[in-house]
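Asker: Starting off with a structure, shown below.
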């Protein structure tokens, strides 16, 4: 073989090995016991994907911790612990089950000076959407809650800073949290109560096993966490019927079961002071054959259909899993022991 041809082939091979990988959304099976389209406790499973770790615009698709569906734009927004915002477009098969996704865009979240966020300000966790289903594609805003530096910030879909919500006094001081990494994991917008946010674990002086869900005016409700060891609130979504769907993750150690709980929360009427009513909808336990990871993001798609996503912490031994499911009406599962 001529030497120049050999060198040319070696160069092509090196470039191929070093080429930036393409985005892939690979269908996977979460359990052999429940197929796509089948019912598990209070949900119907509608598909699951594994998203690979790629870069877009120099931003790494990993550590996804919040989701929001924009009906007007047909986009699924995802935020990462690294302070990045991704646009995904889910794809569905002939049975309308989740079968794939495309990565459309990626933006860094920016600060008030229009500079990309830098640590320790990057730890975006909760995501909610405003004006995402009003027929006007250009007025969407995102609400993002943060850990490390607790705050709730309004952003454009391109990651531009639009303003900050004033938090209730107990949430402004990091010393009130049990750990800087256990702050504002969850945020949502309820049509009656406005912006709601919740801490991952109880505040420093609150009882174990009980967190508080706050309105921005300081009013709060006490929310009893699942009895699964170390269960923590990681996401919540306001539903049209006035309830909340919450997502909890219970992790103790690598060799102990990972437990993911979807729970339904009935909020009281505006003029009544009542305790929250909380019931399990579906509980997933890795010791029972479920392929699970660190699920932290949740959003309503259409009707009673939802997406949830796992945070792989940007570690090669974890996975970013995107799951679609449908919430069955009035079929909560018994509370897990």
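In the numbering used here, the protein residues as written are 743 to 1079. Ideal Cβ positions, reconstructed from N, Cα and C, are used throughout, including at glycine.
1) Which of the three DSSP states, helix, strand or coil, is assigned to residue 957?
2) From residue 1042 to residue 1021, what distance separates their C-alpha atoms?
3) Are the CB atoms of residue 999 and residue 1028 nearer to each other than 8 Å?
4) Could you tell me the boundaries of the beta strand (DSSP E) in which residue 912 lies?
5) Touching or not, the stretch 768-781 and the stretch 789-799, by the rule of three or more beta carbon pairs under 8 Å?
6) In the DSSP output, which residue or residues are listed as bridge partners for residue 829?
7) Between the alpha carbons of residue 944 and residue 836, how many angstroms are there, rounded?
8) Buried or exposed for residue 850, please, with buried defined as at least 16 other CB atoms from any protein chain shown within 10 angstroms of its CB.
9) What residue does the beta strand (DSSP E) around residue 900 start on, and which one ends it?
10) Which of helix, strand or coil does DSSP assign to residue 1027?
11) Tell me where the beta strand (DSSP E) around residue 939 begins and ends.
12) Restricting to runs no shorter than 3 residues, where is the beta strand (DSSP E) found entirely within the stretch 1030-1070?
13) May I ask you to verify whether the stretch 798-806 touches the stretch 820-833, counting CB pairs closer than 8 Å and requiring at least 3?
14) Determine the contact status of residue 924 and residue 991, defining contact as a CB-CB distance below 8 Å.
15) Out of 1034, 813 and 846, point me to the one whose CA is closest to residue 1059's CA.
16) Using only CA atoms, which one of 816, 848, 893 and 853 lies nearest to residue 882?
17) Using 8 Å as the Cβ pair cut-off and three pairs as the minimum, do the stretch 931-945 and the stretch 954-965 touch?
18) What is the rounded straight-line gap between the Cα of residue 845 and the Cα of residue 1065?
19) What's the C-alpha gap between residue 967 and residue 1004?
20) Using a Cβ-Cβ cut-off of 8 Å (strictly less than) and excluding sequence neighbours within five positions of residue 987, which residues of its own chain qualify?
21) Which residues in the same chain have their Cβ closer than 8 Å to the Cβ of residue 707, if we skip the five residues on either side of it in sequence?
22) Between residue 831 and residue 840, what straight-line distance do the alpha-carbon atoms span, to the nearest angstrom?
23) Please tell me whether residue 975 and residue 942 are closer than 8 Å, where the distance is taken between their beta carbons.
24) Under a Cβ-count criterion, where at least 16 other Cβ atoms within 10 Å of its own Cβ denotes burial, should residue 973 be classed as buried or exposed?
25) Would you kindly report the start and end of the unbroken beta strand (DSSP E) that includes residue 963?
26) With 16 as the cutoff for other CB atoms within 10 Å, does residue 799 come out buried or exposed?
27) Could you compute how far the alpha carbon of residue 1026 sits from the alpha carbon of residue 855?
28) Taking all protein chains shown into account, do 16 or more other C-beta atoms lie within 10 angstroms of the C-beta of residue 833, making it buried, or fewer, making it exposed?
29) Judging by CA-CA distance, which residue of 828, 892 and 858 is the nearest neighbour of residue 926?
30) Suppose you measure from the CA of residue 902 to the CA of residue 914; what does that come to, to the nearest Å?
31) Report the residue from 886, 874, 877 and 848 whose alpha carbon sits nearest the alpha carbon of residue 865.
32) Roughly how many angstroms lie between the CA atoms of residue 1036 and residue 930, to the nearest whole one?
33) In the structure shown, what three-state DSSP assignment does residue 852 receive?
34) If you draw a straight line from the alpha carbon of residue 1073 to that of residue 878, how long is it in whole angstroms?
Answerer: Working from what's here:
1) Taking the first residue of the chain shown as 1, we reach residue 957 at position 215. Strand.
2) By 1-based counting over the chain shown, the position of residue 1042 is 300. By 1-based counting over the chain shown, the position of residue 1021 is 279. One C-alpha to the other measures close to 18 Å.
3) Translated into positions along the chain shown, residue 999 becomes position 257. Translated into positions along the chain shown, residue 1028 becomes position 286. Their beta carbons are under 8 Å apart, which means residue 999 touches residue 1028 by this criterion.
4) Within the chain shown, the letter at position 170 stands for residue 912. Per DSSP, residue 912 belongs to no beta strand (DSSP E); it is in the alpha helix (DSSP H), 911-914.
5) yes
6) As a first step, residue 829 is located in the chain shown; it is residue number 87 there, counting from the start. BP columns for residue 829 point to 819 and 847.
7) Indexing the chain shown from 1 puts residue 944 at position 202. Indexing the chain shown from 1 puts residue 836 at position 94. Distance between the alpha carbons of residue 944 and residue 836: 44 Å.
8) In the chain shown, residue 850 corresponds to position 108, counting from 1. Buried, by the Cβ-count rule.
9) Here residue 900 refers to the residue found at position 158 when the chain shown is read from its first residue. Element bounds for residue 900: n/a, residue is neither H nor E.
10) Here residue 1027 corresponds to residue number 285 of the chain shown, with the count starting at 1. Of the three classes helix, strand and coil, the one that applies to residue 1027 here is strand, per DSSP.
11) The sequence position of residue 939 within the chain shown is 197, counting from 1. First-last of the beta strand (DSSP E) with residue 939: 936-941.
12) Those beta strand (DSSP E) runs which fall completely within the stretch 1030-1070 and span 3+ residues are 1037-1042, 1047-1052 and 1062-1069.
13) When C-beta atoms of the stretch 798-806 are compared with those of the stretch 820-833, three or more pairs fall below 8 Å, so the two segments count as touching.
14) As a first step, residue 924 is located in the chain shown; it is residue number 182 there, counting from the start. As a first step, residue 991 is located in the chain shown; it is residue number 249 there, counting from the start. No, the Cβ-Cβ distance between residue 924 and residue 991 is not below 8 Å.
15) Within the chain shown, the letter at position 317 stands for residue 1059. Measuring from the Cα of residue 1059, the nearest candidate turns out to be 1034.
16) Residue mapping note: residue 882 aligns to position 140 of the chain shown, counting from 1. Nearest neighbour of residue 882 by Cα position, chosen from 816, 848, 893 and 853, turns out to be 816.
17) yes
18) As a working note, residue 845 is residue 103 in the chain shown. As a working note, residue 1065 is residue 323 in the chain shown. If you take the alpha carbons of residue 845 and residue 1065, they lie about 16 Å apart.
19) Mapped onto the chain shown, residue 967 falls at position 225. Mapped onto the chain shown, residue 1004 falls at position 262. Going from the Cα of residue 967 to the Cα of residue 1004 covers about 11 Å.
20) As a working mapping, residue 987 is identified with position 245 in the chain shown. So the qualifying residues of the chain are 978, 979, 981, 1004, 1005, 1006, 1007, 1023, 1040, 1042, 1048 and 1069.
21) A query on residue 707 cannot be resolved here, the shown segment of the chain reaching from 743 to 1079 and no further.
22) Reading the chain shown from its first residue, position 89 is the one you call residue 831. Reading the chain shown from its first residue, position 98 is the one you call residue 840. About 11 Å.
23) By one-based count along the chain shown, residue 975 stands at place 233. By one-based count along the chain shown, residue 942 stands at place 200. Yes, these two residues count as a Cβ contact at 8 Å.
24) For the purposes of this step, residue 973 is identified with residue 231 of the chain shown, where counting begins at 1. By the 10 Å Cβ count, residue 973 comes out buried.
25) For this step, residue 963 is matched to residue 221 along the chain shown. It spans 962-966 - the beta strand (DSSP E) in which residue 963 sits, taken as one unbroken run.
26) For the purposes of this step, residue 799 is taken as residue 57 along the chain shown, with counting starting at 1. It is exposed - the Cβ of residue 799 has fewer than 16 other Cβ atoms within 10 Å.
27) Counted from its first residue, the chain shown places residue 1026 at position 284. Counted from its first residue, the chain shown places residue 855 at position 113. Each residue's alpha carbon lies about 43 Å from the other.
28) Locating residue 833 in the chain shown gives position 91, counting from the first residue. By the 10 Å Cβ count, residue 833 comes out exposed.
29) Counting from one through the chain shown, the residue named residue 926 turns up at place 184. Of the listed residues, the one whose Cα sits closest to residue 926 is 892.
30) Walking along the chain shown from the start, residue 902 turns up at place 160. Walking along the chain shown from the start, residue 914 turns up at place 172. Taking the straight line joining both Cα atoms gives about 23 Å.
31) If you number the chain shown from 1, residue 865 lands on position 123. Here the closest residue by C-alpha is 886.
32) The residue given as residue 1036 occupies position 294 in the chain shown. The residue given as residue 930 occupies position 188 in the chain shown. If you take the alpha carbons of residue 1036 and residue 930, they lie about 20 Å apart.
33) Locating residue 852 in the chain shown gives position 110, where the first residue counts as 1. Residue 852 falls in the strand class under three-state DSSP.
34) Numbered from its first residue, the chain shown carries residue 1073 at position 331. Numbered from its first residue, the chain shown carries residue 878 at position 136. Summary for residue 1073: the model assigns pLDDT 49, below 50, so the residue's position carries little reliability, and this model does not support an answer.
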